[in-house]
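Shown next, in structure tokens, is the structure this report addresses.
There are 2 protein chains.
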Amino acid sequence: MTMQGHALDLARDKIRGTGARMTAPRVQVLAAMLGTQRVLSHRDIEDMLGAARLDRVTLYRVLDWLVEQGLAHRIAGRDRVWRFSATGEAHETHGHFQCNRCGKILCLDELSAHSVPLRLPAGCRPERTELTVTGLCAECTV
Amino acid sequence: MTMQGHALDLARDKIRGTGARMTAPRVQVLAAMLGTQRVLSHRDIEDMLGAARLDRVTLYRVLDWLVEQGLAHRIAGRDRVWRFSATGEAHETHGHFQCNRCGKILCLDELSAHSVPLRLPAGCRPERTELTVTGLCAECTV
DNA sequence: GTTGTATATGCAACACAGTTGCGATTCCGT
DNA sequence: ACGGAATCGCAACTGTGTTGCATATACAAC
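The listed protein sequences derive, respectively, from chains V and D.
Under this note's numbering, the first sequence has 43 at position 43, and the numbering climbs by one with no breaks.
Under this note's numbering, the second sequence has 1036 at position 36, and the numbering climbs by one with no breaks.
Laid out in structure tokens, this is it:
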């Protein structure tokens, strides 16, 4: 509970820092994300909130807002589901590993997308580089 | 028409090579994919077939089957839409560029995913590496 | 050529992620 | 405490992809 209390305080601080309104959904969602190392899907967060259930649409909008504010990052998995993470600023530049069986996503901190030498077709303006390794995670390996 | 005729013949050859049944939907879809350099979505292919329209589900199943047979490759875009390509065997190892505005996907032939040094968490078994650069393509750059 | 049968197709209905419109609620500066 | 803009919650919708099952068909055996 101390952990969660800390995550709540941190979430509040971060939200206050944006200058926008501080609402219960925003605090709860950001705290949930700050309290874990995992990369969470919309569904994961719904399940985590449990009692403090909030509307699906509100959750989508909170997630969009957090990404907009730079408080979270959104990454795409092979299962066509967005996943979100509040940890650090590095999610734009490092790679991820996604398990083909349980769908879980892990961060590959040592794998920087910047280390990839780019040569794009003429006229293309790159914005982000996403690097995803798929396979089986330790728990799903037989 | 010569071009398309060639694609049709090639498609028939490849399908015959699998030993499975040669059906009109399979030939049409594979020919459509062979006749273009683009990476096509389900919707793209539906539009291309036009007159020879076939059932949505059949198209999904044909695409799955082509991937299963190794005659096509499936890649995931950020818009949660699968895209397919019949060109070569290299799609598993090279990167792609996706335009944030029109959704189009281009191949980055010179960018090999193999050139990325991997260091995965213990117990993880990598199967595929996907490398996608997002941004604006030449046509969508104002 | 006919026929038999495994295989593939087409239809209907469904599952799930995500979006839009809008009226009701709530945060927060005054 | 109040007022108004920002946010929430509900309902209805879009789009991609899936499942179950009856019908049609490729192709091999005759």
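Even glycine gets a Cβ: it sits at the ideal position worked out from N, Cα and C.
Taking the alpha-carbon positions, what's the residue i to residue j distance?
i	j	result
Thr1002 of chain D	Arg1080 of chain D	At Thr1002 of chain D the pLDDT is 49, less than 50, meaning the model places this residue with poor confidence; the figure from the coordinates comes in the next sentence. Approximately 35 Å between the Cα atoms of the pair.
Leu1010 of chain D	Gly50 of chain V	55 Å
Gly77 of chain V	Arg1101 of chain D	20 Å
Glu1139 of chain D	Arg125 of chain V	11 Å
Leu1054 of chain D	Ser1085 of chain D	19 Å
Thr129 of chain V	Gly95 of chain V	9 Å
Asp47 of chain V	Leu59 of chain V	12 Å
Ala1032 of chain D	Arg1061 of chain D	16 Å
Trp82 of chain V	Ile75 of chain V	6 Å
Gln28 of chain V	Val1039 of chain D	41 Å
Leu1131 of chain D	Leu131 of chain V	5 Å
Arg119 of chain V	Cys1137 of chain D	13 Å
Lys14 of chain V	Asp44 of chain V	22 Å
Leu63 of chain V	Phe1097 of chain D	25 Å
Thr141 of chain V	Thr1018 of chain D	31 Å
Met105 of chain V	Pro121 of chain V	One point to set straight first is that residue 105 of chain V is Ile, not Met, in the sequence displayed. If you take the alpha carbons of Ile105 of chain V and Pro121 of chain V, they lie about 30 Å apart.
Considering Cα atoms alone, identify which of the options is closest to residue i.
i	options	result
Leu1034 of chain D	D:Thr1134, D:Leu1054, D:Arg1101 and D:Gly1005	D:Gly1005
Gly1123 of chain D	V:Met48, V:Asp44, V:Arg21 and V:Gly135	V:Gly135
Cys107 of chain V	V:His73, V:Arg128, V:Asp44 and V:Arg43	V:His73
Cys1099 of chain D	D:Gly1070, D:Asp1109, D:Glu1068 and D:Val1133	D:Val1133
Glu68 of chain V	V:Arg119, V:Ala20 and V:Pro121	V:Ala20
His42 of chain V	V:Arg56, V:Ile15 and V:Gly17	V:Arg56
Leu8 of chain V	V:Arg16, V:Leu30 and V:Trp65	V:Leu30
Trp1065 of chain D	D:Met1022, D:Gln1037, D:Gly1103 and D:Arg1038	D:Met1022
Asp1109 of chain D	D:Thr1018, D:Gln1037 and D:Gly1017	D:Gln1037
Pro25 of chain V	V:Arg12, V:Thr18 and V:Gly17	V:Arg12
Please list the partners that residue i has in chain V, where partner means a Cβ-to-Cβ separation under 8 Å.
i	result
Cys1102 of chain D	Ordered by position in chain V, no residue passes the 8 Å Cβ test against Cys1102 of chain D, which lies about 12 Å from the chain.
Pro1126 of chain D	Phe97, Val133, Thr134 and Gly135
Arg1078 of chain D	Ala76 and Glu130
Which residue comes first and which comes last in the alpha helix (DSSP H) that contains residue i?
i	result
Thr58 of chain V	Arg56 to Glu68
Arg1043 of chain D	His1042 to Leu1049
Where do the ends of the beta strand (DSSP E) carrying residue i lie?
i	result
Pro25 of chain V	From DSSP, Pro25 of chain V is part of no beta strand (DSSP E) but of the alpha helix (DSSP H) over Ala24 to Leu34.
Arg1128 of chain D	Arg1125 to Leu1136
Ala1020 of chain D	Careful: Ala1020 of chain D lies outside any beta strand (DSSP E) and carries neither H nor E.
Ala76 of chain V	His73 to Ala76
Gln98 of chain V	His94 to Cys99
Arg83 of chain V	Trp82 to Ser85
Which residues of chain D have a Cβ atom closer than 8 Å to the Cβ of residue i, listed in chain order?
i	result
Ala138 of chain V	Pro1121, Ala1122, Gly1123 and Cys1124
Residues of chain V with CB under 9 Å from residue i, in chain order?
i	result
Arg1056 of chain D	Those do not exist, as Arg1056 of chain D stays about 17 Å from chain V at its closest Cβ, beyond 9 Å.
Leu1106 of chain D	Leu120, Pro121 and Cys124
Thr1141 of chain D	Gly123, Cys124 and Arg125
Would you say the beta carbon of residue i is closer than 7 Å to some non-hydrogen atom of the ligand ZN?
i	result
Ser1041 of chain D	Annotation note on the ligand ZN: not contained in the displayed structure, which lists no ligands.
Using a cut-off of 7 Å between C-beta atoms, extract the partners of residue i located in chain V.
i	result
Thr1129 of chain D	Val133
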